[in-house]
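Chains as they are written, first to last, in this note's numbering: chain A, 1 to 132; chain B, 133 to 243.
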């Protein structure tokens with residue numbers, strides 16, 4: 001983390017590839033919401049940011065969420081604001097979707113679906129991978 | 133949490149004076165919060181405040197200034213979607229002041 005801050009302060013014009021990997025269901029832990037907020041903040045640094053949704057993380061993007069019963073904020077609509085923050089690279093993993101019976105039509109934002117091998121090579125290209 | 137009373141109704145605010153419960157918001161509390169921020173509300177101010185409330189309704193966050201100016205530019209025109217215009221209306225920062233008056237939490241991604 002300290003390396004990341006040094007680069008941002010010292011290296012003007014240096015753009016790194018940051019990937020934020022979301023692996024957890026949206027509610028029950030704070031990871032999904034906190035992870036989303038970190039991404040929104042990261043947008044201010046003009047870096048090359050992408051978000052990945054794998055495993056239960058794909059549930060974060062489910063359309064038509066209703067959180068009334070568990071009395072927490074429904075932040076699923078906030079994923080739709082990412083575009084306005086110039087974060088347009090959203091990827092989901094095909095096998096994670098298949099295992100949960102989901103298709104792109106079930107998701108609240110436009111995503112790129114990748115198979116596991118494509119996902120692995122995309123991860124290998126990154127300068128920084130942060131996983132939640 | 134501190135409480136403020138405006139027009140016979142009590143409102144809960146946080147330690148920085150932001151309204152705690154978005155649903156409590158009305159014109160009276162907005163007027164009070166504006167006064168606290170020393171902002172004299174005109175139609176132009178209300179336009180931005182109402183825009184922010186609509187943005188929050190749609191996305192469930194208060195936008196960062198950069199995102200706000202871009203979104204305003206898109207909806208209300210470039211002559212309003214720029215820092216100069218917004219800072220003239222809200223000298224201490226459109227994110228901080230306009231969001232507060234609109235009853236929203238502090239903007240995400242604002243540093």
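Where a beta carbon is used, it is the ideal one built from N, C-alpha and C, also for glycine.
Bear in mind the structure is a predicted one, so any value in this text is a computation, not a measurement.
For residue 180 of chain B, no chain A residue has a Cβ inside 7 Å of its Cβ, as the nearest lies near 16 Å away. Proximity of the segment 89-108 of chain A to the segment 56-68 of chain A meets the contact definition, three or more beta-carbon pairs being nearer than 8 Å. With at least 16 other beta carbons inside 10 angstroms of its own, residue 47 of chain A counts as buried.
Inclusion of residue 203 of chain B and residue 84 of chain A in the CB contact set at 8 Å is warranted, their separation being smaller than that value. A direct Cα-to-Cα measurement between residue 176 of chain B and residue 123 of chain A gives close to 46 Å. In the DSSP annotation of this structure, residue 87 of chain A is not part of any alpha helix (DSSP H), being labelled neither H nor E. Pairing residue 227 of chain B with residue 197 of chain B gives a Cβ-Cβ distance under 8 Å. Its chain contains 133, 134, 135, 136, 151, 152 as the residues whose beta carbon lies nearer than 8 Å to that of residue 145 of chain B, once the 5 sequence neighbours on both sides are disregarded; these appear in chain order.
Taking a beta-carbon distance threshold of 8 Å, residue 191 of chain B counts as an interface residue toward chain A. DSSP lists A/48 as the beta-bridge partner residues of residue 17 of chain A. Checking the DSSP bridge columns, you'll see residue 113 of chain A partnered with A/92. Put simply, of B/171, B/183, B/239 the residue whose alpha carbon is nearest the alpha carbon of residue 212 of chain B is B/183.
At least one beta carbon of chain B lies nearer than 8 Å to the beta carbon of residue 85 of chain A.
Following the DSSP letters along the chain, one finds residue 137 of chain B inside the beta strand (DSSP E) bounded by residues 135-138. Contact check for residue 87 of chain A and residue 52 of chain A: beta-carbon distance about 12 Å, past the 8 Å limit, so the pair fails to qualify.
Taking a 10 Å sphere around the C-beta of residue 170 of chain B, we find fewer than 16 other C-beta atoms and assign the residue as exposed. According to the DSSP secondary-structure assignment, residue 62 of chain A is paired through a beta bridge with A/107. Annotation for residue 141 of chain B: the continuous beta strand (DSSP E) segment containing it runs 141-144. A residue is called buried once 16 or more other Cβ atoms fall within 10 Å of its Cβ, and residue 232 of chain B is buried on that count.
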